[in-house]
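Report on the structure given below.
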Amino acid sequence: MYRPTSSLPSHLRQSSLSTSNSQTSALQQRINEKRAELENLKQLRELSAGLAGQMEQLEEKLSTLSDGTQAIATVLSNWHTVLRAIHMASAHIAKPNQETESESEQQLPLPQTLVRIPMQHVDQSEPAQSENDDESTVK
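If you number the sequence shown the way the UniProt record's numbering does, the last residue is 139 and the count never jumps.
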């Protein structure tokens with residue numbers, strides 16, 4: 001009986017087996033590398049999504065900060081007007097003559113009173129004032 005494998009020397013059979021084993025191990029190693037790369041890419045995608053979310057939150061906070069900065073700029077620009085009004089009010093006060101203390105106290109005009117009225121309370125008090133006006137006209 002003729003066997004084709006038996007005619008090959010044993011060292012050739014072992015070399016063909018070792019070649020196929022080395023190819024299989026190389027392919028397995030490459031598959032493992034690709035799996036690791038895939039895991040890294042998935043992790044990168046998750047981190048990128050988290051970073052994008054943080055950037056959106058930062059954008060919202062910067063928008064709020066910008067609005068607040070504009071409000072502060074408006075208030076600071078109004079200070080010039082407030083200081084000018086105070087200066088004008090104090091400039092119209094008559095200068096007292098050099099007299100006795102009792103006379104000067106009696107003759108000293110008081111400065112104009114500057115009153116700060118919050119606007120939100122004004123809106124609420126207008127209906128109350130109109131009701132009081134109606135009641136005062138009825139009496």
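We treat Cβ as the ideally placed atom computed from N, Cα and C, and that holds for glycine.
Here the structure is a predicted model, which means the values were calculated and not measured.
Where residue i sits in the DSSP three-state scheme
i: arginine 45; result: helix
i: threonine 74; result: helix
i: isoleucine 86; result: helix
i: leucine 114; result: coil
i: glycine 92; result: The displayed chain sequence assigns histidine, not glycine, to residue 92. In this structure, histidine 92 counts as coil in the three-state DSSP scheme.
i: leucine 58; result: helix
Beta-carbon separation (whole angstroms), residue i vs residue j, contact threshold 8 Å
i: leucine 114; j: alanine 89; result: 7 Å
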